[in-house]
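Straight run, no breaks: the sequence shown in numbering that gives the first Met the number 0 ends on number 400.
Yeah, the Cβ is synthetic: ideal placement off N, Cα and C, and Gly gets one too.
A quick note: this is a predicted structure, and the numbers were derived from the prediction, not measured.
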Amino acid sequence: MNKPLNITVLGSTGSIGVSTLNVIARHSDRFKVIALTACKAIDRLYQQCMEFQPKYAVMENADAAEQLQKRLNKGAPHIEVLAGADAIIQVAGLDEVDYVMAAIVGSAGLLPTLEAARKGKRILLANKEALVMSGELFMQEVHDNKAVLLPVDSEHNAIFQCLPSDFRPGHDMPDSVEQVLLTGSGGPFRDTPINMLEQVTPDQACAHPNWDMGRKISVDSATMMNKGLEVIEACWLFSLTIEQIQVVIHPQSVIHSLVQYQDGSVLAQLGKPDMRTPIAHALAWPQRIQSGVGHLDLVEIGRLDFEKPDYQRFPCLALAYQAWKTGGTASAVLNAANEVAVQAFLEGDLAFKSIATVIEKTLENTEIQPAVSVEAILDADNAARLHAQALLAVKQQRVMS
């Protein structure tokens, strides 16, 4: 029997991390967990440590790490608990690690995912922000260090499955491919009257009709910013122009994306809306393994619907296109402003429709620079956050006055 492959799971307590460990548990002979990381979800990380017995457990929050250490001292003292962002980067690049599941949500995932690329790991990429913020730099690191980059986002994984078997992310797209159709459900407000969107609550925005996701990603799905970020990600992963990507609303979330060829063929990847399918595909590629996902019953589904996205309803999608066309650090600014605005919405400090307004004004008023280094990208990220937070402060003052 072959030696198990060692894996670090970045963001193990989030929805993608939990699903990844669910798949790994079904194949304990194939995969060994070396490191798990989380921000401050102590209870869940403790449970994962007890089940998977990693060598390292990392918490970004130092107080949470101290509490975890005390609990593990009683039941698993051999697990080394580390704390801080640098420790997360460290376990992403460990020599003994073969695979890195990059599942940290948002910009916090950029540096550890870059480290995995620099160390030539097989990267299972669920953190789209790494490419949105630093696409050119990231893809160069993958190429220079012979890392293997496999998409885990359901849409990008679907595209990858529909491309020729010898295609690798980051390489030139075959001339035979004309365009990619990136599907999205339209979220919970696809049919909600636009004049009612001002009153929607965070719980309503997080109630995705098909997928079980974290709250931040659920809000991004409701605004369709998630799809905008995925368009940018697809441009980098598949060497596409933005004109070659068509976003299609597909409410059933059964077709996860499609590839159209010049001979008129359109290949699609179908499956139940369950992230364990693309996770299992990336873990085992080029083979296939059981994921725990049941079979798709097309007769039971009965119909598959499609429609064009409404940019008046989903202005965040248009803003993502604008950022890509602007180039440089604009995509990093877009992402940072979105993270600040979504957090404010989730905390009850910003109306749902104002998320796009904060992003738009931040893009207009943050200086865009060439994305020539990680430092330039992080500077743009910080500047955008400061501007978005200032906009929120002004808005709060108006409400209170």
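Given 8 Å, three or more beta-carbon pairs between the stretch 81-94 and the stretch 34-47: yes
Exposed unless 16 or more other CB atoms sit within 10 angstroms - verdict on Ser27: Working through the sequence shown from its first residue, we reach residue 27 at position 28. When all chains shown are included, Ser27 counts as exposed.
Residues bridged to Asn60 (per DSSP): Your numbering for residue 60 matches position 61 in the sequence shown. Beta-bridge pairing links Asn60 to no other residue.
Cβ pair count under 8 Å reaching 3, the stretch 331-345 against the stretch 284-293: no
Range covered by the alpha helix (DSSP H) that runs through Glu338: As a working note, residue 338 is residue 339 in the sequence shown. That run of the alpha helix (DSSP H) goes 329-345.
Proximity of Asn209 and Ser256 at Cβ, strictly below 7 Å: For the purposes of this step, residue 209 is taken as the residue at position 210 of the sequence shown. For the purposes of this step, residue 256 is taken as the residue at position 257 of the sequence shown. No, they are not a contact pair.
Pro53 vs Val32 beta-carbon contact at 7 Å: Translated into positions along the sequence shown, residue 53 becomes position 54. Translated into positions along the sequence shown, residue 32 becomes position 33. Result yes, Cβ atoms of Pro53 and Val32 sit closer than 7 Å.
Where His294 falls: helix, strand or coil (DSSP): What you label residue 294 is simply residue 295 of the sequence shown in a count that begins at 1. Note: His294 maps to coil in three-state DSSP.
Collapsed DSSP secondary structure at Gly134 in the structure displayed: Position 135 of the sequence shown, counting from 1, holds the residue named residue 134. In this structure, Gly134 counts as helix in the three-state DSSP scheme.
Ala82 and Met49 closer than 7 Å at C-beta: The count along the sequence shown starts at 1 and reaches residue 82 at position 83. The count along the sequence shown starts at 1 and reaches residue 49 at position 50. Taking 7 Å as the Cβ cut-off, Ala82 and Met49 do not qualify as a contacting pair.
DSSP three-state assignment for Lys73, whether helix, strand or coil: The residue given as residue 73 occupies position 74 in the sequence shown. Of the three classes helix, strand and coil, the one that applies to Lys73 here is helix, per DSSP.
Proximity below 7 Å, CB of Ile376 to CB of Ala331: Taking the sequence shown and counting its residues from 1, one reaches residue 376 at position 377. Taking the sequence shown and counting its residues from 1, one reaches residue 331 at position 332. Yes, the pair counts as a contact, with Cβ atoms nearer than the cut-off.
Sub-7 Å separation of Thr328 and Ala389 beta-carbons: Here the question's residue 328 lines up with position 329 in the sequence shown. Here the question's residue 389 lines up with position 390 in the sequence shown. Not in contact: Thr328 and Ala389 (Cβ atoms no closer than 7 Å).
Whole-angstrom distance between Arg121 and Leu4, CA atom to CA atom: What you label residue 4 is simply residue 5 of the sequence shown in a count that begins at 1. What you label residue 121 is simply residue 122 of the sequence shown in a count that begins at 1. Going from the Cα of Leu4 to the Cα of Arg121 covers about 11 Å.
Euclidean distance between Cα positions of Ala61 and Ile158: Position 62 of the sequence shown, counted from the start, is the residue given in the question as residue 61. Position 159 of the sequence shown, counted from the start, is the residue given in the question as residue 158. Between Ala61 and Ile158, the C-alpha separation is close to 39 Å.
Whole-angstrom C-beta distance between Ile278 and Val151, which should lie under 8 Å: Counting from 1 along the sequence shown, the entry for residue 151 is found at position 152. Counting from 1 along the sequence shown, the entry for residue 278 is found at position 279. The pair is a contact, with the Cβ atoms about 6 Å apart (cut-off 8 Å).
Segments of 3+ residues assigned as beta strand (DSSP E) that fall wholly inside the stretch 122-179: 147-150
Buried versus exposed call for Pro76 [16 or more other C-beta atoms within 10 Å across all chains shown]: Along the sequence shown, one-based indexing puts residue 76 at 77. So Pro76 ends up on the exposed side.
C-alpha distance - Ile41 paired with Ala382, whole-angstrom precision: Against the sequence shown, residue 41 aligns to sequence position 42. Against the sequence shown, residue 382 aligns to sequence position 383. If you take the alpha carbons of Ile41 and Ala382, they lie about 31 Å apart.
DSSP three-state assignment for Gly16, whether helix, strand or coil: The residue given as residue 16 occupies position 17 in the sequence shown. It is helical.
Phe313 in three-state terms, based on DSSP: Numbered from 1 along the sequence shown, position 314 holds the residue referred to as residue 313. Coil at Phe313, not helix or strand.
Inter-stretch contact (C-beta, 8 Å, three-pair minimum) for the stretch 193-213 and the stretch 350-367: yes
Identified DSSP bridge partners for Leu35: In the sequence shown, the residue the question calls residue 35 occupies position 36. DSSP lists Val8, Ala56 as partners of Leu35.
Cα-Cα separation, Val398 to Ala392: Counting from 1 along the sequence shown, the entry for residue 398 is found at position 399. Counting from 1 along the sequence shown, the entry for residue 392 is found at position 393. Bear in mind that a pLDDT of 49 at Val398, under 50, signals an unreliable position, so the number given afterwards is only what the model happens to contain. Roughly 10 Å between the two C-alpha positions.
7 Å Cβ cutoff, Cys315 in contact with chain D: Annotation note: the requested chain D is absent from the structure, which comprises a single protein chain.
Nearest-angstrom Cα separation, counted from Pro192 out to Ala116: Taking the first residue of the sequence shown as position 1, residue 116 is located at position 117. Taking the first residue of the sequence shown as position 1, residue 192 is located at position 193. For Ala116 and Pro192, the distance between alpha carbons rounds to 44 Å.
Leu282 beta carbon near the ligand GTP (any heavy atom closer than 6 Å): This structure lacks the ligand GTP, and indeed carries no ligand of any kind.
Where Gln388 falls: helix, strand or coil (DSSP): Taking the sequence shown and counting its residues from 1, one reaches residue 388 at position 389. Gln388: helix per DSSP, three-state reduction.
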